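So the protein sequences, as listed, match chains A and F. Per our numbering, residue 132 is the first one in the first sequence, and the count goes up by one each step. Per our numbering, residue 5 is the first one in the second sequence, and the count goes up by one each step.
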Amino acid sequence: MKVSYFPGCTLKNKAKQLDIYARKCAEVLGITLEEIEAWQCCGGVFTTSRDEVATKLSSVRALQAAKEKEQVLVSVCSACHNVIKQTNHAMQNDTEFADRVNRYNDVEYDGSTKVYHYLEMLRDLVGMDKIKEKVVNPLNGEKIAAYYGCLLLRPNSVMQMDDPENPTIIEDIIKALGGVPVIYPYRNECCGGYVTMDDPEFSRKKSENVVVSAKNGGASRIITACPLCKYNLDKQAPDIPVVYLTELLAEALGVKEDGDER
Amino acid sequence: MNDKLKNTRDEIVRISGVNPKKCMKCGKCTATCPAFDEMEYHPHQFVAMVENGDIQPLLESESLYRCLSCFACVDRCPRGVEPAKLVEAVRLTVIRKKGGNRLKTDDIPALLDENIPQQALVSALRKYAK
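#1: Buried or exposed for A:Tyr235, please, with buried defined as at least 16 other CB atoms from any protein chain shown within 10 angstroms of its CB.
#2: Decide if A:Val341 is buried, meaning its Cβ has at least 16 other Cβ atoms within 10 Å, or exposed.
#3: Mind listing the chain F neighbours of A:Glu320? Cutoff is C-beta to C-beta under 7 Å, in chain order.
#4: Using the beta-carbon count (16 or more within 10 Å), is A:Leu142 buried or exposed?
#5: Would you be able to state if there are at least three C-beta pairs under 8 Å between the segment 259–275 of chain A and the segment 203–220 of chain A?
#6: Quick one: list the residues of chain A neighbouring F:Pro44, beta-carbon separation under 8 Å, in chain order.
#7: For chain A, is any of its Cβ atoms less than 7 Å away from the one on F:Ala93?
#8: Tell me whether A:Cys110 is buried or exposed, calling it buried when 16 or more other Cβ atoms sit within 10 Å of its Cβ.
#9: Under 9 Å, CB to CB, which of the residues in the segment 181–194 of chain A have a partner in chain F?
#10: Counting only beta-carbon separations shorter than 7 Å, does A:Asp303 have a partner in chain F?
#11: With 7 Å as the limit, tell me which residues of the segment 108–124 of chain F have their beta carbon closer than that to any beta carbon of chain A; keep them in chain order.
#12: Just list the residues that DSSP pairs A:His248 with in beta bridges.
#13: The beta strand (DSSP E) spanning A:Pro369 covers which residue range?
#14: Have a look at A:Met222 and A:Val207 and give me their C-alpha separation to the nearest angstrom.
#15: Got a sec? Which residues, its chain only, sit under 8 Å from F:Gly21 by beta carbon, not counting five neighbours each side?
#16: Which full runs of the alpha helix (DSSP H) of 4+ residues lie inside the segment 176–237 of chain A, going along the chain?
#17: In terms of residues, what are the limits of the beta strand (DSSP E) holding A:Ala277?
#18: Rounded to a whole number of angstroms, what is the C-alpha to C-alpha distance between A:Asn287 and A:Asp255?
#19: For the beta strand (DSSP E) holding A:Val343, just list the boundary residues, first then last.
#20: Keeping to the same chain, check which residues put their C-beta closer than 7 Å to that of A:Gly155; ignore five residues upstream and five downstream.
#21: Do you know offhand how far A:Tyr315's Cα is from A:Glu296's?
#22: Quick check on this structure: which residue in A:Arg192, A:Leu270, A:Glu166 and A:Tyr278 has the alpha carbon closest to the alpha carbon of A:Gly348?
#23: Taking 8 Å as the cut-off, does the segment 93–100 of chain F touch the segment 12–21 of chain F (at least 3 CB pairs, one atom from each stretch)?
#24: Would you give the residue range spanned by the beta strand (DSSP E) that A:Pro312 belongs to?
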């Protein structure tokens, strides 16, 4: 199966492990991620105001590109996924906004592309049984803390990934890989996000809460799908590795190359 | 409220899509907000102040830049008021003004370190500049 893939700006630079292992693991699981040609940065955050149009055009163009190939659109960066999915939702439900957007475009986009996060692709298009079957290096009961943060789950009326207060999608994948998920209170609270550029001390406190909460749960590693979460958490986590979920997946599926497997 | 402030209030309500009259003042948005203790005006106060036309203090408040856009208040509001969208609309009202950028591009080099992801820069530019 082939899907359209929107990597995003950070995955081409600081978060290469998120990108490279997303592709390799998908191949092992029978899915080819076809990178959209000439994609443009999503902008990192969705502007909720209805009169903000130009900043959402890159998402609309990516959605249109996937539609033309009759493919679903997959991203692995939590931020890209959030922005693209919220934009698609606005195209479906806000006709005034959609009309204004389509005045910029050569063709009218109607909101019909299906948008998946990589995690949803694993759950809904691959399935946990298939993942289990492909594991060659099981995690042997390692305790892993899944960090959702805010972008994957909220706003739930749009994202519809999982129960926003008690999600299980990442925990189910950890179990499929042979690990033991740690359930801790701060797993769906914000890391401090972009405010690290304006008030780093404030972001530091938010990330510290998350790291302490995960460590108190007994986790030996924290996994995330968001480069900004990783950056913020890393600074507060000298004694606990924060890795991308695709790295963990790649270890278990036997496609991690750098020789530093657990 | 003078005409200018009334226009500003009406525009904030329009572009946010939020109806502040739906608020029943339970304070759950503020209780769940990870930034509440850094804010001069808390999320529930934003809603009440916009409804009352008490806009000027909001336009001048640092609270605008502490909102993380984490949507905790949006998801946990029992009345679907969506306070974060109101905060965003007030912030845009300030930033869209000439000279209103919170983050100046010349300031960025000093904020960088070796590990900072591109996502942090584009997100901050989108939130703090036009």
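The beta carbon of each residue, even a glycine, is placed where N, CA and C say it ideally should be. Being a predicted model, the structure only gives us computed values, none of them experimental.
Well, looking at it:
#1: Position 104 of the first sequence, counted from the first residue, corresponds to residue 235 of chain A. By the 10 Å Cβ count, A:Tyr235 comes out exposed.
#2: Position 210 of the first sequence, counted from the first residue, corresponds to residue 341 of chain A. Its Cβ being crowded by 16 or more others within 10 Å, A:Val341 is buried.
#3: Sequence index remark: in the first sequence, residue 320 of chain A carries index 189 (1-based). Within chain F, the residues near A:Glu320 are Pro38.
#4: Taking the first residue of the first sequence as position 1, residue 142 of chain A is located at position 11. Burial call: buried.
#5: no
#6: The sequence position of residue 44 of chain F within the second sequence is 40, counting from 1. The residue asked about is misnamed: residue 44 of chain F is Glu in this sequence, not Pro. Here the premise fails: no neighbours, minimum Cβ distance about 13 Å.
#7: Looking up residue 93 of chain F in the second sequence gives position 89. With 7 Å as the cut-off, F:Ala93 counts as an interface residue toward chain A.
#8: For residue 110 of chain A there is no data in the structure shown, the boundaries of chain A being 132 and 393.
#9: Arg181, Asp182, Glu183 and Thr186
#10: Reading the first sequence from its first residue, position 172 is the one you call residue 303 of chain A. No, because no Cβ of chain F sits closer than 7 Å to the Cβ of A:Asp303.
#11: Leu115, Asn119, Ile120, Pro121, Gln122, Gln123 and Ala124
#12: On the first sequence, residue 248 of chain A is found 117 positions in, with the first residue counted as 1. Paired residue(s): A:Ser206.
#13: If you number the first sequence from 1, residue 369 of chain A lands on position 238. First-last for A:Pro369: undefined, no H or E at that position.
#14: Residue numbering aside, residue 222 of chain A sits at position 91 when the first sequence is read from its first letter. Residue numbering aside, residue 207 of chain A sits at position 76 when the first sequence is read from its first letter. Cα-Cα distance, rounded: 22 Å.
#15: Looking up residue 21 of chain F in the second sequence gives position 17. For F:Gly21, where only same-chain residues beyond five positions count, the Cβ hits under 8 Å are Glu86 and Lys89.
#16: 188–199, 209–224 and 226–233
#17: Within the first sequence, residue 277 of chain A is the residue found at index 146, counting from 1. Unbroken beta strand (DSSP E) run through A:Ala277: Lys274 to Ala277.
#18: Position 156 of the first sequence holds residue 287 of chain A. Position 124 of the first sequence holds residue 255 of chain A. Cα to Cα, the separation comes out at about 18 Å.
#19: Counted from its first residue, the first sequence places residue 343 of chain A at position 212. Here A:Val343 belongs to no beta strand (DSSP E); instead the alpha helix (DSSP H) covers Pro331 to Asn347.
#20: For the purposes of this step, residue 155 of chain A is identified with residue 24 of the first sequence, where counting begins at 1. Per the sequence shown, residue 155 of chain A should be read as Lys rather than Gly. The residues are Ala381 and Val386.
#21: Walking along the first sequence from the start, residue 315 of chain A turns up at place 184. Walking along the first sequence from the start, residue 296 of chain A turns up at place 165. Whole-angstrom Cα-Cα distance: 12 Å.
#22: Mapped onto the first sequence, residue 348 of chain A falls at position 217. Cα-wise, what sits closest to A:Gly348 is A:Tyr278.
#23: yes
#24: Here residue 312 of chain A refers to the residue found at position 181 of the first sequence. Val311 to Val313 is the span of the beta strand (DSSP E), which, as asked, contains A:Pro312.
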